[in-house]
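K.L.:
Residue numbers (the working numbering): -16 to 181. Sending over a structure as structure tokens; questions will come in a sec.
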Amino acid sequence: MINTVRYFRSLVGALTLRVPRRPGFDAVRPPAFLADRSGAAAVEFAMVALPFLTLIVATVVVSFIYLAQASLDAVAEGASRLILTGQAPASGQGSAFKSLACGMLPSYMTCGNLLVNVQAVANYSDIDAAAPSITFSASGQVSNSWAYDPGAPGGIVVLQLMYMLPVISGMDGFSPANMPNGTKLLVSTVVIKVEPSS
């Protein structure tokens, strides 16, 4: 019996066709290619790189927007004290008041992007604290005419400082800009009751 098994094994071995291997044949076989793990980390990183970088850029941009909004609020508070104490320039001198407000801006904010709107109102119910609608000319300049009325002693004044903050947009659909010129409009509103004159 053992001899019979040996005979069949030798017969099968003799009848088996031996195909010589060509150089490089193993490298293109699908099982070997699928089992190869060299470069897998690079492929995985390439798949997550764009969303990861977009997330980092978006975090930095949103943080900068919050920083600029806090700075604008601080400038509005300082400028409102000038109106509150009666130290603001007289009515009709809006450019002088804007220069004072520009002097309070931090170094990363420019005066050219600052818009100032100061209105006196008769009653608190007349206050409109909504962000104004900004219009642009054909050349891309703001075409609104802003009021400047610091009010009379004992009167109610609404101060609005608006800043058009340049922001990075268009990275994987992320766009914090809300203005046609690609900027983010920041608005800080302060309601003041001017101190009565002594």
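Every residue, glycine too, gets a C-beta built ideally from N, C-alpha and C. No experiment lies behind these values; they were computed from the predicted model shown.
In the structure shown, what three-state DSSP assignment does Pro34 receive?
P.N.:
The residue you call residue 34 lines up with position 51 of the sequence shown. Looking at Pro34 - three-state DSSP - the assignment turns out to be helix.
K.L.:
Evaluate Ile39 with the Cβ neighbour count: other Cβ atoms within 10 Å of its Cβ, from every protein chain shown; 16 or more gives buried, anything less gives exposed.
P.N.:
Counting from one through the sequence shown, the residue named residue 39 turns up at place 56. When all chains shown are included, Ile39 counts as exposed.
K.L.:
If I'm right that Pro115 touches Asn127 with Cβ under 8 Å, what's the distance once you round it to whole angstroms?
P.N.:
Taking the first residue of the sequence shown as position 1, residue 115 is located at position 132. Taking the first residue of the sequence shown as position 1, residue 127 is located at position 144. 7 Å between Cβ atoms; contact.
K.L.:
Measuring straight from C-alpha to C-alpha, what distance separates Leu169 and Ala112?
P.N.:
The sequence position of residue 169 within the sequence shown is 186, counting from 1. The sequence position of residue 112 within the sequence shown is 129, counting from 1. In a straight line, the C-alpha of Leu169 is about 13 Å away from that of Ala112.
K.L.:
Quick check on DSSP: helix, strand or coil for Ser171?
P.N.:
Looking up residue 171 in the sequence shown gives position 188. Three-state DSSP puts Ser171 in a strand.
K.L.:
Would you call the region 32 to 46 and the region 91 to 105 touching, i.e. three or more CB-CB distances under 8 Å?
P.N.:
no
K.L.:
If I measure Cβ to Cβ from Val125 and keep anything under 7 Å in the same chain, skipping five residues before and after, which residues do I get?
P.N.:
Along the sequence shown, read from residue 1 onward, the residue named residue 125 stands at position 142. Counting only Cβ-Cβ distances below 7 Å, and skipping sequence neighbours, we find Leu98, Ile117, Phe119.
K.L.:
Which same chain residues end up closer than 7 Å to Asp56 when comparing Cβ atoms and leaving out the 5 residues on each side of it in sequence?
P.N.:
One-based indexing of the sequence shown puts residue 56 at position 73. Around Asp56: Ser171.
K.L.:
Using alpha carbons as the reference points, say which of Ser180, Pro179, Val173, Met145 lies closest to Thr166.
P.N.:
Taking the sequence shown and counting its residues from 1, the one referred to as residue 166 is at position 183. Taking only the C-alpha atoms, the option nearest Thr166 is Met145.
K.L.:
By the DSSP assignment, the beta strand (DSSP E) with Leu182 in it spans what residues?
P.N.:
Outside the displayed range of the chain (-16 to 181) lies residue 182, so it cannot be described from this structure.
K.L.:
Distance, Cα to Cα, Val173 vs Glu60?
P.N.:
Taking the sequence shown and counting its residues from 1, the one referred to as residue 173 is at position 190. Taking the sequence shown and counting its residues from 1, the one referred to as residue 60 is at position 77. Looking at the two C-alpha atoms, the distance is approximately 7 Å.
K.L.:
Pull up the distance between the alpha-carbon of Ile151 and that of Met87, whole angstroms please.
P.N.:
As a working note, residue 151 is residue 168 in the sequence shown. As a working note, residue 87 is residue 104 in the sequence shown. Cα to Cα, the separation comes out at about 25 Å.
K.L.:
Would you list the residues sitting across from Gln143 in a DSSP beta bridge?
P.N.:
In the sequence shown, the residue the question calls residue 143 occupies position 160. DSSP lists Asn100, Thr172 as partners of Gln143.
K.L.:
Tell me the rounded alpha-carbon separation between Val44 and Val58.
P.N.:
The residue you call residue 44 lines up with position 61 of the sequence shown. The residue you call residue 58 lines up with position 75 of the sequence shown. Take the alpha-carbon of Val44 and the one of Val58: they are about 21 Å apart.
K.L.:
For Cys85, collect the residues of the same chain with a Cβ closer than 8 Å to its Cβ; drop the 5 residues on either side in sequence, then sort them by chain order.
P.N.:
Sequence index remark: in the sequence shown, residue 85 carries index 102 (1-based). Within the same chain, Cys85 has close Cβ partners Cys94, Leu97.
K.L.:
If you scan the region 66 to 92 from start to end, which runs of the alpha helix (DSSP H) of 4 or more residues do you find wholly inside it?
P.N.:
Here the runs fully enclosed are 77 to 86.
K.L.:
Less than 8 Å separating the beta-carbons of Ser78 and Leu142?
P.N.:
Position 95 of the sequence shown, counted from the start, is the residue given in the question as residue 78. Position 159 of the sequence shown, counted from the start, is the residue given in the question as residue 142. Taking 8 Å as the Cβ cut-off, Ser78 and Leu142 do not qualify as a contacting pair.
K.L.:
Report the residue from Ser180, Ala160, Glu178 whose alpha carbon sits nearest the alpha carbon of Ala41.
P.N.:
For the purposes of this step, residue 41 is taken as the residue at position 58 of the sequence shown. Answer by Cα proximity: Ala160.
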